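The next block holds one structure in the form of structure tokens; read it before the comments.
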Amino acid sequence: MATPLTADRFVAALRAEGVTVVEHDGWRTHNRNHVGTFGPVVGVMIHHTVSAGTANTVEMCFNGYEGLPGPLCHGVIAKDGVVHLVANGRANHAGGGDPSVLQAVITETYGEQPPAPRVHQGSAGAVDGNSRFYGFECVNLGDGADPWPAEQLLAIERVAAALCRAHGWGARSVIGHKEWSDWKDDPRGFAMPTMRGRVQTRLDKGPAKPAKPTPTPPKQPTAEPFPGASFFHKGQSSAVITAMGRRLVAEGCSAYTSGPGPRWTEADRLSYAKWQRKLGFRGSDADGIPGPSSWAALHVPKTTR
Ligand SMILES: [Zn+2]
0 MATPLTADRF
10 VAALRAEGVT
20 VVEHDGWRTH
30 NRNHVGTFGP
40 VVGVMIHHTV
50 SAGTANTVEM
60 CFNGYEGLPG
70 PLCHGVIAKD
80 GVVHLVANGR
90 ANHAGGGDPS
100 VLQAVITETY
110 GEQPPAPRVH
120 QGSAGAVDGN
130 SRFYGFECVN
140 LGDGADPWPA
150 EQLLAIERVA
160 AALCRAHGWG
170 ARSVIGHKEW
180 SDWKDDPRGF
190 AMPTMRGRVQ
200 TRLDKGPAKP
210 AKPTPTPPKQ
220 PTAEPFPGAS
230 FFHKGQSSAV
240 ITAMGRRLVA
250 EGCSAYTSGP
260 GPRWTEADRL
270 SYAKWQRKLG
280 FRGSDADGIP
290 GPSSWAALHV
300 PKTTR
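For the sequence shown, numbering that gives the first Met the number 0 assigns the number 0 to the initial residue and increments by one for each residue that follows.
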């Protein structure tokens, strides 16, 4: 039992699962909430339309027909796998059904199939399915001969998994209309237990391809950070000073007669002063004591200490 998804979350859930979605004009406010409630929802119901052609089927499911006002489902799953959204809220797709099936879906405690339904729309004991199920109409003649293309079956799998994932349901929350009402025979041409198996496999694989980028490992700094001017004093001994000296030599700023080495010496200071002058510093700015900008410009390789 769950609160129905908002239109935005509904679309996002489908797209995250890889569904190609087309939003019919007005679908976000199209429903039959004026005649009854929608929600809490318990599952997803799959139907076939007994029609051919995407455009006319989508219009029929949006508008309904004589004796059955639309919307007739939440989404139409075309033969090419594109899902056309036609309603947000209560839709005329499930009708009355078996309370024991409803219970089995809520608890997800059945084997291959829920208990065979013994009731239908209008019969004693039937419960309202339109308030409890998301409904998807699949374009198919329903004669058992009209093929179900792989793209369409994949879209059914994705749509069902998207809603199960969004609500934390397992695949047993996905049923066919014929598993709900003993008057119905849809969907015809594929087996619901097989489809539930596909949905569960998809759910078990974890979330669909996340939109989030692969985290890049933090870049190891390759240059020694400026240790501060006070680091450079008589008596200081560090591999950083050796690395600095080597860079000064490489830049043609050597005042060394031996080395460079780890101990801070007058030769280091004179060499660094050459570097500062090379950068354009003058006077006290070229006193040979490293500052942050001249240090950054020198690119002293990082030492392992
Ligand atoms: Zn149906």
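We put the beta carbon where it would ideally sit given N, CA and C, even for glycine. Keep in mind that this is a model prediction, so the values were computed, not measured.
For H46, verify whether its CB is less than 6 Å away from any heavy atom of ligand 1. Here residue 46 corresponds to residue number 47 of the sequence shown, with the count starting at 1. For H46, the shortest C-beta to heavy atom distance toward ligand 1 is below 6 Å.
If I follow the unbroken beta strand (DSSP E) through H166, where does it start and stop? Counting from 1 along the sequence shown, the entry for residue 166 is found at position 167. Looking at the DSSP string, H166 is not in any beta strand (DSSP E); the run it does join, the alpha helix (DSSP H), is A149 to H166.
Quick one: using the 10 Å Cβ neighbour count with 16 as the cut-off for buried, is L67 buried or exposed? Position 68 of the sequence shown, counted from the first residue, corresponds to residue 67. The residue in question, L67, is exposed, as its Cβ has fewer than 16 Cβ neighbours within 10 Å.
Within 10 angstroms of its Cβ, does A285 collect 16 or more other Cβ (buried), or is it exposed? Here residue 285 corresponds to residue number 286 of the sequence shown, with the count starting at 1. So A285 counts as buried.
heavy atom of ligand 1 below 6 Å from H176 C-beta: As a working note, residue 176 is residue 177 in the sequence shown. Yes - ligand 1 has a heavy atom lying nearer than 6 Å to the Cβ of H176.
Segment contact flag, the stretch 57 to 72 with the stretch 19 to 33, C-beta cutoff 8 Å, min 3 pairs: Short answer: they touch.
Taking three-plus beta-carbon pairs below 8 Å as touching, is the stretch 101 to 109 in contact with the stretch 159 to 177? Inter-segment contact for the stretch 101 to 109 and the stretch 159 to 177 is present: three or more beta-carbon pairs are separated by less than 8 Å.
Residue nearest to A144 in terms of C-alpha spacing, selected from F189, R195, V41 and Y271: In the sequence shown, counting from the first residue as 1, residue 144 sits at position 145. When the alpha-carbon of A144 is set against those of F189, R195, V41 and Y271, the nearest one is in F189.
Compare the beta carbon distance of E111 and P192 with 7 Å and say whether it is the shorter of the two. Against the sequence shown, residue 111 aligns to sequence position 112. Against the sequence shown, residue 192 aligns to sequence position 193. Yes, Cβ-Cβ distance for E111 and P192 is below 7 Å.
In angstroms with no decimal places, state the Cα-to-Cα distance between D142 and N30. The residue labelled residue 142 in the question sits at position 143 within the sequence shown. The residue labelled residue 30 in the question sits at position 31 within the sequence shown. Cα to Cα, D142 sits roughly 29 Å from N30.
Say yes only if the C-beta of D185 is nearer than 6 Å to one or more non-hydrogen atoms of ligand 1, and no if none qualify. The residue you call residue 185 lines up with position 186 of the sequence shown. Indeed, a heavy atom of ligand 1 lies less than 6 Å from the Cβ.
Please state whether DSSP places M0 in a helix, a strand or coil. The residue given as residue 0 occupies position 1 in the sequence shown. In the structure shown, M0 sits in coil (DSSP, three-state: anything other than H, G, I, E or B).
So who's on the other strand from S236, going by DSSP bridges? Residue numbering aside, residue 236 sits at position 237 when the sequence shown is read from its first letter. In the DSSP output, where bridge partners are listed per residue, S236 has R262.
What residues match up with G96 in a beta bridge as DSSP calls it? Position 97 of the sequence shown, counted from the first residue, corresponds to residue 96. Within the DSSP secondary-structure output, G96 pairs in a beta bridge with V126.
My parser needs the alpha helix (DSSP H) runs of 4 or more residues fully inside the stretch 26 to 72; what are they? Within the stretch 26 to 72, the complete alpha helix (DSSP H) runs of at least 4 residues are 53 to 62.
Is DSSP giving D22 helix, strand or coil here? Residue numbering aside, residue 22 sits at position 23 when the sequence shown is read from its first letter. Rather than Asp, the amino acid found at residue 22 in this sequence is Glu. If DSSP states are grouped into helix, strand and coil, E22 belongs with the strands.
Since R89 and N129 are thought to touch, with beta carbons under 8 Å apart, how far apart are those beta carbons, to the nearest angstrom? Within the sequence shown, residue 89 is the residue found at index 90, counting from 1. Within the sequence shown, residue 129 is the residue found at index 130, counting from 1. Correct: roughly 5 Å between the Cβ atoms.
Just the Cα atoms here: how many angstroms apart are V248 and P206? Along the sequence shown, read from residue 1 onward, the residue named residue 248 stands at position 249. Along the sequence shown, read from residue 1 onward, the residue named residue 206 stands at position 207. Cα to Cα, the separation comes out at about 56 Å.
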